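To keep things clear, I will list the structure first and then write my remarks on it.
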Amino acid sequence: MTESTQVTLLRRMTRPQGQEATVNPLTSSRAVRLALTKAANDTVGLVLTVQSVAEETTDLDDMLGSLADDLMLVALQHADHLVGLIALDLEMRAAVLEMETMGAVLAQPAEQRVPTRTDKMLCDPLVAAFLAAFPAAVAGTALEGWMDGVTPGDRVENGRAAGLILADCTYRIVRLSVDLGVADRQGQVVMVLPVVQEVTETVVAPQDAVDWDATFQDAVSHAPACLTALLHRFPVSLATAQGLQVGSVLPLPGCTVHSVRLLSSDGTGVAQAKLGQVGGYRAVRLEAAPALQLTDLAEPATEIAPPMSDTVGMPPMDDEPVLADLPDRIEQQGITPDSMPDMADILHDPDAP
Numbered sequence: 005m006t007e008s009t010q011v012t013l014l015r016r017m018t019r020p021q022g023q024e025a026t027v028n029p030l031t032s033s034r035a036v037r038l039a040l041t042k043a044a045n046d047t048v049g050l051v052l053t054v055q056s057v058a059e060e061t062t063d064l065d066d067m068l069g070s071l072a073d074d075l076m077l078v079a080l081q082h083a084d085h086l087v088g089l090i091a092l093d094l095e096m097r098a099a100v101l102e103m104e105t106m107g108a109v110l111a112q113p114a115e116q117r118v119p120t121r122t123d124k125m126l127c128d129p130l131v132a133a134f135l136a137a138f139p140a141a142v143a144g145t146a147l148e149g150w151m152d153g154v155t156p157g158d159r160v161e162n163g164r165a166a167g168l169i170l171a172d173c174t175y176r177i178v179r180l181s182v183d184l185g186v187a188d189r190q191g192q193v194v195m196v197l198p199v200v201q202e203v204t205e206t207v208v209a210p211q212d213a214v215d216w217d218a219t220f221q222d223a224v225s226h227a228p229a230c231l232t233a234l235l236h237r238f239p240v241s242l243a244t245a246q247g248l249q250v251g252s253v254l255p256l257p258g259c260t261v262h263s264v265r266l267l268s269s270d271g272t273g274v275a276q277a278k279l280g281q282v283g284g285y286r287a288v289r290l291e292a293a294p295a296l297q298l299t300d301l302a303e304p305a306t307e308i309a310p311p312m313s314d315t316v317g318m319p320p321m322d323d324e325p326v327l328a329d330l331p332d333r334i335e336q337q338g339i340t341p342d343s344m345p346d347m348a349d350i351l352h353d354p355d356a357p
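For the sequence shown, the positions run 5 to 357 when my numbering is used.
Pasting the structure below:
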C-alpha cells in the first residue's frame, strides 16, 4: 500500500459520520508531486517527498544560465526534434544508483563527480516513467498539454551544447525540490520546455452575397471627376489685360451659348455643352456634338488665255516670218543694247534677292 493510499484511508476513518468529503481541486503543483512520487516508487523503489515545486518563464539565454553545473542534462524530444531538457542533480542521481545497486539510500552525501553515461542509463527508467505519467497527472491544470508527446532522448554534454540546438523562444522551467528521506539528503529535478502557445481559432462569419455589378457601378458613380467648362479662348494684349476691371465687357466674336466644351484635367475634350442657368447659378447642359456641315467643293474657274493678237509685244500670226523683222520691232520699242544693265552689276547687286 502506498503512502497516498494510507493517507486517504486515514482521512476516511477519522471523518465524522454524515460529513461529506471536501473537494480539493487538483493544482499543477500537486499533480507534479504525485507524478514524480509514483514514478520513483514504481521504477526503483525510491520513496521520496517533493517538498516544493517552483515555476518560472524566461528566454533561452536566462534559462541556460540558471542551470547548475552539477546537473545531468537529458534531451526531451518531440517528433524526433529536441525541444527541451530534464535534469537531475548529483544527489538525485546518487539516490537512484544506490537503490538499484544496494537497495537503499545511504546516510551520507553523494561524492562529487561528473555525470557519466552509466548514470544516464540507470536514471532512464525513472525519467521515462515520470514523463509518461506527467500528461495524465496534470490534466485539468495549468500545465495540461505542456508535456504531451514528449520522450527522453540522449544526454546533453552541457548548457553550451544545449544552446546550440534549442530554439530561441520563451521557456517554462519547473523545479522540484526532493527530500530523499535519509540524513537530510536533498535532491532536485528540473524540467525545461517551451511555453505552450494557445492557438485561438478565428471564426470567419460567412459573407453576404455581393452584387459586384452594382457595387462597381456605385463606386465608379461616386468617384470624383474634375472638369473645366471652356466657353471661348482668345489672345489679348498685356495692356488690355492690365486694363480689365469690374464691369469690363470683352467681345467674344463667333461665340454662342452652344460653344461650351468640357475639358478633363489634362485638357482633353470630353463633351459638348450648352451654357445656361439653374437656380440663379451658371450651369451647363450636355448636348450632342453638332453635325459637321459638309458642302460641295466649287469647280475651279478655267482661265482663258487672251488671243495672241492682244499680247503685248507679240506680232500677229501671219504668213510672214516673225524673226525677220525682230530687230526693227525691238528698236521701235526703245530697247537698245546700251539700255540693258550689265550682268556683272546684277551679280554684285547687294539688293538682289
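The beta-carbon is built from N, C-alpha and C at its ideal position, and this holds for glycine as well. Treat the numbers as computed from the prediction; the structure is a model and nothing was measured.
* To do: Can you tell me which of the three DSSP states G271 falls into?
  => Position 267 of the sequence shown, counting from 1, holds the residue named residue 271. It is coil, neither helix nor strand.
* **Where Q246 sits in the DSSP three-state scheme** => Counting from 1 along the sequence shown, the entry for residue 246 is found at position 242. Three-state DSSP puts Q246 in a helix.
* Test item: CB-CB of D152 and P139 under 7 Å -> The count along the sequence shown starts at 1 and reaches residue 152 at position 148. The count along the sequence shown starts at 1 and reaches residue 139 at position 135. The answer is yes: Cβ separation under 7 Å.
* M151, DSSP secondary structure in three states -> Counting from one through the sequence shown, the residue named residue 151 turns up at place 147. It is coil, neither helix nor strand.
* Once you ignore the five residues that flank A58 on each side, which residues in its own chain have a CB closer than 7 Å to its CB? -> The residue you call residue 58 lines up with position 54 of the sequence shown. Taken in chain order, the residues that qualify are R179.
* Asked: So, helix, strand or coil for L330, using DSSP?
  -> On the sequence shown, position 326 is the one that residue 330 refers to. Only weak support exists for where L330 lies, its pLDDT of 44 falling under 50; the value from the coordinates is given anyway. Residue state, collapsed to three classes: helix.
* To do: Give me the Cα-Cα distance between V118 and L94, rounded to the nearest whole angstrom.
  => The residue labelled residue 118 in the question sits at position 114 within the sequence shown. The residue labelled residue 94 in the question sits at position 90 within the sequence shown. If you take the alpha carbons of V118 and L94, they lie about 9 Å apart.
* Cβ separation of L52 and V199, assumed to be a contact under 8 Å, to the nearest whole Å -> In the sequence shown, the residue the question calls residue 52 occupies position 48. In the sequence shown, the residue the question calls residue 199 occupies position 195. L52 to V199, Cβ: 28 Å. No contact.
* Asked: Taking buried to mean at least 16 other C-beta atoms within 10 Å of its own C-beta, is Y175 buried or exposed?
  -> Taking the first residue of the sequence shown as 1, we reach residue 175 at position 171. Under this definition Y175 is a buried residue.
* When the Cβ atoms of the stretch 42 to 49 are set against those of the stretch 64 to 84, are three or more pairs found closer than 8 Å? -> no
* To do: Could you tell me the distance, in whole angstroms, from the CA atom of L38 to the CA atom of A136?
  => Position 34 of the sequence shown, counted from the first residue, corresponds to residue 38. Position 132 of the sequence shown, counted from the first residue, corresponds to residue 136. Distance between the alpha carbons of L38 and A136: 13 Å.
* Asked: Which one of S269, H82, Q276 and G251 has the shortest CA to CA distance from H262?
  -> Within the sequence shown, residue 262 is the residue found at index 258, counting from 1. For H262, the nearest C-alpha among the options comes from Q276.
* Asked: So does the stretch 67 to 82 actually touch the stretch 150 to 166, counting three or more Cβ pairs closer than 8 Å?
  -> yes
* Going along the chain, which residues of its own chain have a beta-carbon closer than 6 Å to the beta-carbon of I334, five neighbours each way excluded? -> As a working mapping, residue 334 is identified with position 330 in the sequence shown. At I334 the pLDDT is 46, less than 50, meaning the model places this residue with poor confidence and gives no usable figure here.
* Asked: With C-beta atoms as the reference, is L301 less than 7 Å away from V288?
  -> Position 297 of the sequence shown holds residue 301. Position 284 of the sequence shown holds residue 288. Not in contact: L301 and V288 (Cβ atoms no closer than 7 Å).
* Over the uninterrupted alpha helix (DSSP H) stretch that includes T145, give me the two end residues. => Within the sequence shown, numbered from 1, the residue matching residue 145 stands at position 141. Note, T145: premise wrong, no alpha helix (DSSP H); not H, not E.
* Keeping to the same chain, check which residues put their C-beta closer than 7 Å to that of R237; ignore five residues upstream and five downstream. => As a position in the sequence shown, residue 237 is number 233, starting the count at 1. Taken in chain order, the list of residues that qualify is empty.
* Asked: Taking DSSP as the reference, what is the three-state secondary structure of D215?
  -> Here residue 215 refers to the residue found at position 211 when the sequence shown is read from its first residue. Correct three-state label for D215: coil.
* Which partner residues of D183 appear in the DSSP bridge assignment? -> Numbered from 1 along the sequence shown, position 179 holds the residue referred to as residue 183. Answer by DSSP bridge pairing, in chain order: T53 and Q190.
* 8 Å Cβ shell around L50 - same chain, five flanking residues per side excluded -> Residue 50 sits at position 46 when you count from the first residue of the sequence shown. For L50, where only same-chain residues beyond five positions count, the Cβ hits under 8 Å are A44, A99, V100, M103, V109, L130 and L184.
* To do: Express the C-alpha separation of M125 and L13 in angstroms, rounding to a whole number.
  => Taking the sequence shown and counting its residues from 1, the one referred to as residue 13 is at position 9. Taking the sequence shown and counting its residues from 1, the one referred to as residue 125 is at position 121. In this prediction, L13 scores a pLDDT of 42, lower than 50, which makes its location untrustworthy; the coordinate-derived value is nonetheless stated afterwards. Using only the alpha carbons, I get a separation of about 37 Å.
* Asked: Can you pull the DSSP bridge partners for T260?
  -> Position 256 of the sequence shown, counting from 1, holds the residue named residue 260. Note: T260 sits in no beta bridge, so no partner.
* **Beta-carbon spacing of A233, V264 below 7 Å** => Counting from one through the sequence shown, the residue named residue 233 turns up at place 229. Counting from one through the sequence shown, the residue named residue 264 turns up at place 260. In this structure, V264 lies closer than 7 Å to A233 by Cβ.
* Asked: Taking the alpha-carbon positions, what's the M96 to M195 distance?
  -> Taking the sequence shown and counting its residues from 1, one reaches residue 96 at position 92. Taking the sequence shown and counting its residues from 1, one reaches residue 195 at position 191. Using only the alpha carbons, I get a separation of about 14 Å.
* Measuring alpha carbon to alpha carbon, tell me which of D74, A146, T272 and G167 ends up nearest D123. => The count along the sequence shown starts at 1 and reaches residue 123 at position 119. It is D74 whose Cα lies nearest to the Cα of D123.
* Under the assumption that A35 contacts A141 (Cβ atoms under 8 Å), give the Cβ distance between them as a whole number of angstroms. => Along the sequence shown, one-based indexing puts residue 35 at 31. Along the sequence shown, one-based indexing puts residue 141 at 137. About 4 Å separates the two Cβ atoms, so the contact holds.
* Give me the Cα-Cα distance between L256 and A218, rounded to the nearest whole angstrom. => To locate residue 256, count along the sequence shown from 1; it is residue 252. To locate residue 218, count along the sequence shown from 1; it is residue 214. L256 and A218: Cα-Cα distance of roughly 45 Å.
* To do: Identify every residue that forms a DSSP beta bridge with G280.
  => Reading the sequence shown from its first residue, position 276 is the one you call residue 280. In the DSSP output, where bridge partners are listed per residue, G280 has A287.
* Rounded to whole angstroms, what's the CA-CA distance from R293 to R286? Just pull it up for me. => Position 289 of the sequence shown, counted from the first residue, corresponds to residue 293. Position 282 of the sequence shown, counted from the first residue, corresponds to residue 286. Going by the sequence as given, residue 293 is Ala instead of Arg. Taking the straight line from one Cα to the other gives about 21 Å.
* Closest Cα partner of G163 within the set E291, G107 and G88 -> Taking the sequence shown and counting its residues from 1, one reaches residue 163 at position 159. Closest by alpha carbon: G88.
* Have a look at the DSSP bridge pairing and note the partners of L77. => Taking the first residue of the sequence shown as 1, we reach residue 77 at position 73. According to DSSP, L77 bridges with A91 and V160.
* Other residues of its chain near L290: CB distance less than 6 Å, five sequence neighbours each side excluded -> The sequence position of residue 290 within the sequence shown is 286, counting from 1. Contacts found: A275 and A277.
* Reducing DSSP to helix, strand and coil, say where R117 ends up. => Indexing the sequence shown from 1 puts residue 117 at position 113. Here R117 sits in coil by DSSP.
* **Nearest residue (CA-CA) to L231, options F220, G258 and L267** => Here residue 231 refers to the residue found at position 227 when the sequence shown is read from its first residue. Minimum Cα distance to L231 is reached at L267.
* Please state if the CB of T145 and the CB of S32 are separated by a distance shorter than 7 Å. => Reading the sequence shown from its first residue, position 28 is the one you call residue 32. Reading the sequence shown from its first residue, position 141 is the one you call residue 145. Yes, the Cβ-Cβ distance between S32 and T145 is below 7 Å.
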